[in-house]
Every structure is written in structure tokens, then in C-alpha cells.
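Residue numbers (our numbering): 922 to 1105.
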């Protein structure tokens, strides 16, 4: 039989680590779900030393993610796919940070999933063209947070919620679709 969940039902609770990678800062967010209910566990931003070359920054990212995984014990990681950045150099650095995050998650035994930014926004906000403020608003509402998480942490939480599925999140939290800047 499955273990008793924190929600009072029999079922398996899955901890999902969302990651919004960056070469200057990386957002992370952890949510748990039993397939019916979704709950916020933790989030934050890993600030990387911008005054150092890329390799030491990636080392800080790897060490920080290892520590976060050790603390929260997720079994699934969700990482935002690379989008076309302002410059090729920025895109390359972002790709390297993303790769470092993926390797650490894989080494720690997590199941790793990737989603395009538009898909994450579609799942959480209802439109792939949503702006950062809309994503933050919906993450705050869906997870019933007392305050709005930092932008990068909010994007990471949105990635984790996307993995659960936008419709399932809406059902589990009782939220309705987002349109024109506010919930319907």
C-alpha cells in the first residue's frame, strides 16, 4: 500500500525541483504533489559571483544545487529549455549553466525533464506569451503564497508546476484561468 501522504490521503508524494538557470543567478523552487494536491515547499535564488570567470560561477551553481537537493530530497527536476538570448555569448553561457544544473541533477539521481519557456507560461498562466509579472502573480495565487517570490524563483516554481500540468494545478488549487491581468 502507498504511504499516508501529508494531505491525509493514501498516495505517493512527489517532490519536484524547478530550476530557472542563469549564468549570473539561478532560480529554484520546490513543490510537492500527490497528484491531487499541490503545495509550496521552498524557493530562492542562487547568486553567482559575477566578478569571476564562468568556471568558478558554474562551480558555485553545482555546489549550491547539490546542497539544495540534499536539503529538500526531490525526485524530479524540471529545467527551463534555452531560449534565444540577446547575444550568442549570452546564449552559450546560459546553455553552460543549464548543462551544469542538468548534470548535477542527474548525478544526484533525479529524473530530469525540460520544458520550453512558452509551454511553462501556457501551463501556469494560460498563455505562452505571458510576461514575468503575470507568471509571478499566478505562481503566488496557485501556491497560495503570502507574498510574491523573486522573479527567478517564481520562474523556477512555474517550471515545477508545469510538470504537474497546468490543468491539474488549476484543479488542485481551485484557481481558474488567468486573463487580462487577473484571475477570472
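Note that beta-carbon positions come from the ideal geometry of N, C-alpha and C, so glycine has one too.
Since the structure is predicted, the reported quantities are computational estimates derived from the model, not experimental observations.
Task: C-alpha gap between residue 989 and residue 1048, whole angstroms - done: 30 Å
Open item on the list: Assuming residue 960 is part of the beta strand (DSSP E), what are its boundary residues?
Closed with: 959 to 968
Open item on the list: Buried or exposed for residue 941, going by 16 or more other Cβ atoms inside 10 Å?
Closed with: buried
Task: Contact the segment 1014 to 1030 vs the segment 1052 to 1069: 3+ CB pairs below 8 Å - done: no
- [ ] Please look up how many angstroms separate the CB atoms of residue 1083 and residue 1040, rounded, as I've assumed it's under 8 Å.
- [x] Correct: roughly 6 Å between the Cβ atoms.
TODO: Express the C-alpha separation of residue 984 and residue 1062 in angstroms, rounding to a whole number.
DONE: Pairing residue 1062 with residue 984, the inter-Cα distance amounts to about 31 Å.
Open item on the list: Short of 6 Å in beta carbon distance, which residues of its chain neighbour residue 938, apart from the five on each side in sequence? Order them along the chain.
Closed with: 951, 995, 998
Task: Residues sharing a beta bridge with residue 998, DSSP - done: 938, 1033
- [ ] Within 10 angstroms of the Cβ of residue 976, are there 16 or more other Cβ atoms? Answer buried if so, exposed if not.
- [x] exposed
Task: Coil, strand or helix - residue 947 by DSSP - done: strand
Task: Candidates 1044, 987, 1000, 1042: closest to residue 1029 by CA position - done: 987
TODO: State buried or exposed for residue 947, treating a residue as buried only when at least 16 other CB atoms are found within 10 Å of its CB.
DONE: buried
- [ ] Alpha carbon to alpha carbon, how far is residue 1081 from residue 1046? Give it in angstroms, no decimals.
- [x] 13 Å
- [ ] From the DSSP output, read off the bridge partner residues of residue 953.
- [x] 936, 960
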